[in-house]
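Participant: With mature numbering (1 follows the signal peptide of the UniProt record, and there is no 0) applied, the sequence shown corresponds to residues -22 to -1, 1 to 134, in that order.
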Amino acid sequence: MLKKMRKSHSRQAMLGFLAVLAACDTSPRVEAEDAVITLPALAGRPGAAYFRLETNQAGDRLLRVETDAAGRAELHETMTAGGMAGMAPLASAPFDTDGTLAFTPGGRHAMLFDMKPGFAAGSKAKMTFTFEKAPPLTIVADVRGPGQGSADHQGH
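In C-alpha cells, the structure reads:
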C-alpha cells in the first residue's frame, strides 16, 4: 500500500511539474485574428490586408507580410498632415505595450501589389508574417471584394 501511495504521489508531482512548465513557456509566440484581404475596386490597383496580432514577447516588431494573393506586400500607415490624408510606407511595425498590433482600415495596413488572378471574394489566401523575435506565422485569410467591411484603396 505504501509503495502504491509513493508511486501515486510521484505521478501527481510529475504532472504538476509539467503543468507549471507548460504555463511558463516563454518562447516568442504570435497569434493572428481577423485577417482579411480586400481586393481592389479596379484591376491593376493594389489590394489591402488587415489583421490583428497578439504576442507574448515585449519589444517585438512586424517586419514583413507575404501572401500568395499578391506579388509583393508593403507595410503602410495612413496619416493626416495639414488637413491632407496620405499614406507612408513603414519599415516595420512595433507591437503596442499590451502586446497587440492592429492593421485596420484608415490606419496601418499591408498594401498588396501585383494582385494574382484566381482570388475572388469568398476565397481564402495564405499570409505569412515575419517578426524580429518570434518565428514566422502563416495563417489563412478571408478574401473580400472591394468595400466589403474594409476601406476602399482604389485611389492608392
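We put the beta carbon where it would ideally sit given N, CA and C, even for glycine.
Specify the secondary structure class of Ala98 as computed by DSSP and reduced to three states.
Facilitator: Residue state, collapsed to three classes: coil.
Participant: Less than 6 Å between C-beta atoms, sequence neighbours within five positions excluded: which residues of the same chain meet that for Arg42?
Facilitator: Excluding residues within five positions, the ones whose Cβ falls inside 6 Å are Thr108.
Participant: Just to confirm my understanding: we take Ala129, look at its own chain, exclude 5 residues before and 5 after, and list those with CB closer than 8 Å. What are they?
Facilitator: Low confidence applies to Ala129: its pLDDT is 41, below 50, so where it sits in the model is not reliable enough to give any reading.
Participant: Would you mind working out which of Arg30, Gly125, Thr4, Glu44 sits nearest Asp92, comparing C-alpha positions?
Facilitator: Per the Cα distances, Glu44.
Participant: Once DSSP output is grouped into helix, strand and coil, what is the label at Thr75?
Facilitator: Reduced to three states, the DSSP call for Thr75 is coil.
Participant: Taking just the CA atoms, how far does Asp46 sit from Ala99?
Facilitator: Distance between the alpha carbons of Ala99 and Asp46 is about 15 Å.
Participant: What is the DSSP secondary structure of Pro124, counted as helix, strand or coil?
Facilitator: Three-state result, Pro124: coil.
Participant: Would Pro18 be called buried (16 or more neighbouring beta carbons within 10 Å of its own) or exposed?
Facilitator: It is buried - the Cβ of Pro18 has at least 16 other Cβ atoms within 10 Å.
Participant: Just mark Thr33 as buried or exposed, buried being the case when its beta carbon has 16 or more other beta carbons within 10 Å.
Facilitator: Buried, because 16 or more other Cβ atoms sit within 10 Å of the Cβ of Thr33.
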